[in-house]
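Undergrad: With positions in the sequence shown counted from 1, the corresponding number in this note's numbering is that position plus 55. We put the beta carbon where it would ideally sit given N, CA and C, even for glycine.
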Amino acid sequence: MTTYRTRKFLGLIPVAAVLATTLVAAAPAQAAADPEATPTPAAKKDFRSLDRRARGLIWCIERKAEDGTDKKTKQCKTREAWIREGNDPLREY
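1) Check whether the Cβ atoms of A120 and K129 lie closer than 8 Å to each other.
2) Tell me E117's beta-bridge partners as DSSP assigns them.
3) Between which two residues does the alpha helix (DSSP H) carrying E135 extend?
4) In three-state terms, what does DSSP make of P96?
5) For K132 and G123, I'd like the C-alpha separation in whole angstroms.
6) For the alpha helix (DSSP H) containing G111, list its first residue and its last residue.
7) If you drop the 5 nearest sequence neighbours on each side, which residues of the same chain put their C-beta closer than 6 Å to that of R134?
8) In three-state DSSP terms, what is N142?
What follows is the structure in structure tokens.
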């Protein structure tokens, strides 16, 4: 009986060593910062370069400037993006 218990205990030592080695090796990998973590601003895609079907999904709206000048701003988004922001152009939702 004593021999069986000793063999089982000694058999666990290599498993514990492998587990400890794995944990030690994984710790620096988790602590290292990702060099590409900083978000880069997305480039605006010209909607005229899209195919015909994709162009039909984009809605563009021209708005007058709030300061009263003749300046206009043009915003182009998908209809889902307009609705998600609560600005449905046709007031359907």
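TA: In this structure, then:
1) For the purposes of this step, residue 120 is taken as the residue at position 65 of the sequence shown. For the purposes of this step, residue 129 is taken as the residue at position 74 of the sequence shown. No, the pair does not count as a contact, with Cβ atoms beyond the cut-off.
2) The residue labelled residue 117 in the question sits at position 62 within the sequence shown. E117 is bridged to K129.
3) Within the sequence shown, the letter at position 80 stands for residue 135. Note, E135: alpha helix (DSSP H), 134-139.
4) Working through the sequence shown from its first residue, we reach residue 96 at position 41. With a pLDDT of 49 at P96, under the threshold of 50, the modelled position of this residue cannot be trusted; read the value that follows with caution. Three-state DSSP puts P96 in coil, outside helix and strand.
5) Looking up residue 132 in the sequence shown gives position 77. Looking up residue 123 in the sequence shown gives position 68. Between K132 and G123, the C-alpha separation is close to 24 Å.
6) For the purposes of this step, residue 111 is identified with residue 56 of the sequence shown, where counting begins at 1. Counting along the chain, the alpha helix (DSSP H) containing G111 begins and ends at 107-112.
7) Taking the sequence shown and counting its residues from 1, one reaches residue 134 at position 79. Cβ neighbours of R134 beyond the five flanking positions: W114.
8) One-based indexing of the sequence shown puts residue 142 at position 87. N142 falls in the coil class under three-state DSSP.
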